[in-house]
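In full-length UniProt numbering, the protein residues as written are 1 to 87.
We put the CB at the ideal spot given by N, CA and C, even for glycine.
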């Protein structure tokens, strides 16, 4: 099922926090209570992107900082790396 869910919600208070409900949208991407998500906030556009977390257990000796740096380098130099692969 690949459909875009267009919805408008009001921000609500949950205890000391603010939040919104969007059960149908979360179900569409396979999320349920207790799952972890990655949240990207773009202050320029006013957008919040919620993605299902794909976090994996890292092997001993590999830090999260290393993986974050590696991911950033791969993102930044993706075209260059693809060009080298295709030579």
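Identify whether residue i lies in helix, strand or coil by the three-state DSSP scheme.
i	result
residue 64	helix
residue 8	coil
residue 50	strand
Counting contacts by CB-CB distance shorter than 7 angstroms, is residue i in contact with chain B?
i	result
residue 18	Here chain B cannot be found, since the structure has a single protein chain.
My guess is that residue i and residue j are in contact by the Cβ rule of under 8 angstroms, so how many angstroms apart are they, rounded?
i	j	result
residue 53	residue 36	4 angstroms
residue 38	residue 51	5 angstroms
Can you give the Cα-Cα distance for residue i and residue j, rounded to whole angstroms?
i	j	result
residue 24	residue 48	17 angstroms
residue 80	residue 72	14 angstroms
Which stretch, first to last residue, makes up the alpha helix (DSSP H) that contains residue i?
i	result
residue 26	23–28
Looking only at its own chain, which residues have a Cβ that is under 8 angstroms from the Cβ of residue i, when we skip the five neighbours before and after it?
i	result
residue 42	48, 49
Can you give me the Cβ contacts of residue i inside the same chain, cut-off strictly under 6 angstroms, excluding the 5 residues immediately before and after it?
i	result
residue 40	49
Where do the ends of the beta strand (DSSP E) carrying residue i lie?
i	result
residue 78	Looking at the DSSP string, residue 78 is not in any beta strand (DSSP E); the run it does join, the alpha helix (DSSP H), is 78–85.
residue 42	37–42
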